[in-house]
Amino acid sequence: MVLLNVEHLSTIFQTSRGDLRAVNDLSFRVSKGETVAIVGESGSGKSVSAMSIMRLLDESRCRLSGKVELKGRDLLSADEAAMRAIRGNQVGLIFQEPMTALNPVVTVGRQIAEAARLHETMTRRQAAEKAIEMLTRVGIPDPRRRANEYPHQLSGGMRQRVMIAMALICRPELLIADEPTTALDVTVQAQILDLMRSLREQFGSAIILITHDLGVVAEMADRVIIMYAGRKVEEGTAEEIFARPRHPYTKGLLGAVPRLGSSLEGKTGRLVEIEGTVPDPRVATVGCAFAPRCRGAADICRLSQPGLVRTRSDHQVACHFATELVVA
Amino acid sequence: MLRYALQRIVMTIPVMAVVAVFVFGLLFVTPGDPAVVIAGEQASPEEVQAIRVAMGFDQPFYVQFGLWAQRLLSGDLGTSVFSREPVAELIAQRVGPTLSLLFGGLIIALLLSVPFGIYAAANRGKLFDRAFTAVTVLNFSIPNFIVGYLLVSIFALGLRWLPVQGYVPPDRDFGAYLLGMILPCLTLGMGFASLIARVTRASMLDVLSQDFIRTAKAKGADRNRILFAHALKNASIPIVTIVGLGFASLIGGAVITESIFAIPGLGRLTLEAISHRDYPVIQGLVLVFSAGYVLVNLAVDLIYVLLDPRIRY
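Note that the protein sequences, when read in sequence, are chains A and B.
Per the numbering used here, residue 1 is the first one in the first sequence, and the count goes up by one each step.
Per the numbering used here, residue 329 is the first one in the second sequence, and the count goes up by one each step.
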């Protein structure tokens, strides 16, 4: 069953230096209980997509178009009150930097309880008890004491656990996690991923996981969407993407991951990097946005934007040479 | 918290000691011989010398300071050379109107500034915000004696709603006291309000752009909840700071405002003391004003701790 259906979503920021197309014609679906990873470099539009879906951008400065349906209900045309009823209730959000994402002058217990009280009728005391229960579930020791502490008194990992508790307290059907582990130490990252996996089992929430970390993707995702310069360039099951990447950008990303056992003495001797940088989104590109950085780019790539092609039932890719075997 | 409060209170003692030395020293180096002033213009040099010895003005600085400080610690601020009354008594008689004026001015300043500052920040770039910016700049640029006369000509002379000037003690007629304080407090508070309002707006804008505000939105909080439950407490530290720092200028404003409205407060006493070269009174007043300033900033430091749990000294 389709939980979230995004069709032709575009987000255009109006800046003093012209329109900035941060998300361009993005379509994807998330089914109930499924984990979909959105992967891309900084500036690829992955976070903006999530913010657009939840209508959390300052809409006096940007324009959204397309369709976003949550269980068949269009969110782009919903009014602010309807969106508030959805946020934190049907859809929970976790952000990257748990230090700045928590209010520094409010105790964590109250911040978690607030999420519950905004959507369910309950007394302050009931909400506080529920917050403590959530702190227990996200594995915070001595939750009754911790609930009365402020964010600066907790470690980074604990703060992220608090964010997760806050996002899940209303048992949302969809959890959007924007780089949930990026700001954390590696060991803490593993703990948080474990926690998210176990809570996914308990709560049955679908997850949109926004990350640039392919290690996180491999551990969590059922399906992967690769974004480049605001567009989806490839989508497939996690297995497919890791086993048979089609888009040269995806191949580049996979090549840029260090692997144990690969010889550093070999003919390359170093990690493969993707040369060049993400194009300026204010400059309208005619052809494929990745063409300037692509080693296999041909004339056609600079002249026309490749559409998404289905190469297998569970795999789509936007590249003129997707069906040919050797690219780059 | 209690320990911190005690620490902070103890820390004000050396501050006040330095202020005392400074106040005393300042008058010591001021040109003009107080003995001549006390003796009057017709006095002979012998009479002047007699007064000088009697008042201890012939002693070296440290002896004079020691005697002065000793009397100060027992609550004796000296005797006015003009009216011959004890300075402490003079100040006690006049402190009520000034405190009323300062508190009233502060309350009006806060009421006029904080709500508008918040509203302007919440509607950044819109018509209200731009009008707000223009009005605060204009208001801040007008000296407060002009504001005072303007208010008097409109509300007292024109509409005849309020008295032109004068002061009625609250224990004599509380209603008349309140009516009489409205214009002086407005005069004093309006200029200060602009400053607080600008700081409120800037501070709110800064807080509203932070990540935890986005988190609050993501939880489903509405605009008022975001403004008042999440942003205001974070934004209030700079507001409290500017109120504390601005208190000095508020005292200066009170001196002028008391003159405009003929209020028998410390400001008027200051002007009188200066025109009579009444040194003991001037010393006493500067000490009292300094103590007031130190106390206000002590309060500000204690409020910080209540507002922001991260502040621990």
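Note that beta-carbon positions come from the ideal geometry of N, C-alpha and C, so glycine has one too.
Predicted, not measured: the structure shown is a model, and the values here were computed from it.
Is it buried or exposed, Ile-140 of chain A, if we count other Cβ atoms within 10 angstroms and call 16 or more buried? buried
Going by DSSP in three states, His-119 of chain A sits in which element: helix, strand or coil? helix
Rounded to whole angstroms, what is the Cα-Cα separation between Leu-264 of chain A and Asn-552 of chain B? The pLDDT assigned to Leu-264 of chain A is 48, lower than 50, so where the model puts this residue is not dependable; a value taken from the coordinates is nonetheless given after this. About 58 Å.
Give the straight-line distance between the Cα atoms of Arg-605 of chain B and Phe-444 of chain B, rounded to the nearest whole angstrom. 44 Å
Range covered by the beta strand (DSSP E) that runs through Lys-67 of chain A: 62 to 70
Look at the alpha carbon of Arg-17 of chain A and the alpha carbon of Leu-573 of chain B, and state the distance between them as a whole number of angstroms. 41 Å
With distances taken between CB atoms, is the gap from Leu-168 of chain A to Met-134 of chain A smaller than 8 Å? yes
Is the beta carbon of Phe-290 of chain A sitting closer than 8 Å to the one on Tyr-228 of chain A? yes
Partners in chain B for Glu-97 of chain A, counting only beta-carbon separations shorter than 9 Å: Asp-539
Whether Pro-98 of chain A touches Gln-160 of chain A by CB criterion (8 Å): yes
Could you tell me which whole alpha helix (DSSP H) segments of length 4 or greater appear in the region 87 to 136 of chain A? 108 to 119
With 7 Å as the C-beta to C-beta threshold (strictly closer), list the residues of the region 81 to 107 of chain A near chain B in chain order. Arg-84, Ala-85, Arg-87, Gly-88, Asn-89, Leu-93, Phe-95, Glu-97, Thr-100, Ala-101, Leu-102, Asn-103, Pro-104, Val-105
Apart from the five residues on each side of it in sequence, which residues of its chain come closer than 7 Å, Cβ to Cβ, to Asp-629 of chain B? Arg-336
Ignoring anything shorter than 4 residues or poking outside the region 393 to 427 of chain B, list the alpha helix (DSSP H) runs there in chain order. none
Please list the partners that Pro-471 of chain B has in chain A, where partner means a Cβ-to-Cβ separation under 7 Å. In chain order: nothing, as chain A lies at least about 38 Å away.
Chain A partners of Leu-635 of chain B, CB-CB under 9 Å? Val-105
Check Val-338 of chain B in the structure and name its three-state DSSP category. helix
Can the beta-carbon of Ala-397 of chain B be found less than 8 Å from the beta-carbon of Ala-348 of chain B? yes
Just to confirm, are Pro-592 of chain B and Val-409 of chain B a CB contact at a threshold of 8 Å? no
Uninterrupted alpha helix (DSSP H) stretches inside the region 488 to 573 of chain B (no shorter than 4 residues): 502 to 536, 539 to 547
Euclidean distance between Cα positions of Leu-253 of chain A and Ala-333 of chain B: 57 Å
Distance, Thr-543 of chain B Cα to Ile-11 of chain A Cα: For the sequence presented, residue 11 of chain A should be read as Thr rather than Ile. Between Thr-11 of chain A and Thr-543 of chain B, the C-alpha separation is close to 21 Å.
With a threshold of 8 Å between beta carbons, is Gly-548 of chain B in contact with chain A? yes
Taking the continuous alpha helix (DSSP H) assigned at Asp-194 of chain A, which residues delimit it? 186 to 203
Pull up the distance between the alpha-carbon of Pro-292 of chain A and that of Thr-250 of chain A, whole angstroms please. 15 Å
Report the neighbours of Asn-562 of chain B on chain A: residues whose CB is nearer than 8 Å to its CB, in chain order. Asn-103, Pro-104, Val-105
Flag this pair as yes or no: are the beta carbons of Arg-87 of chain A and Gly-548 of chain B separated by less than 8 Å? yes
Determine the closest residue to Thr-182 of chain A out of A:Gly-215, A:Lys-67, A:Leu-102, A:Arg-73, with distance taken between C-alpha atoms. A:Gly-215
At the level of alpha carbons, what is the spacing between Gly-266 of chain A and Gly-255 of chain A? Caution applies to Gly-266 of chain A, whose pLDDT of 46 falls short of 50 and renders its modelled position unreliable; the value that the coordinates give is listed next. Roughly 15 Å separates the two Cα atoms.
State the start and end residues of the unbroken alpha helix (DSSP H) segment that holds Thr-461 of chain B. 455 to 469
Whose CA, out of A:Gly-236, A:Ala-22, A:Val-108, A:Gly-204, lies closest to the CA of Val-91 of chain A? A:Gly-204
Met-54 of chain A touches chain B at which residues, Cβ-Cβ below 8 Å? Ala-546
Hey, could you find the ends of the alpha helix (DSSP H) Asn-625 of chain B is sitting in? 607 to 635
Looking at the secondary structure, which residues open and close the alpha helix (DSSP H) in which Tyr-477 of chain B lies? 472 to 479
Please list the terminal residues of the continuous beta strand (DSSP E) segment that includes Asp-58 of chain A. Asp-58 of chain A -> no beta strand (DSSP E), and no H or E assigned at all.
Find the residues of chain A that neighbour Arg-458 of chain B, judging by a C-beta separation of less than 7 Å, and give them in chain order. The premise fails here: Arg-458 of chain B is roughly 15 Å from chain A at the closest Cβ pair, so nothing lies under 7 Å.
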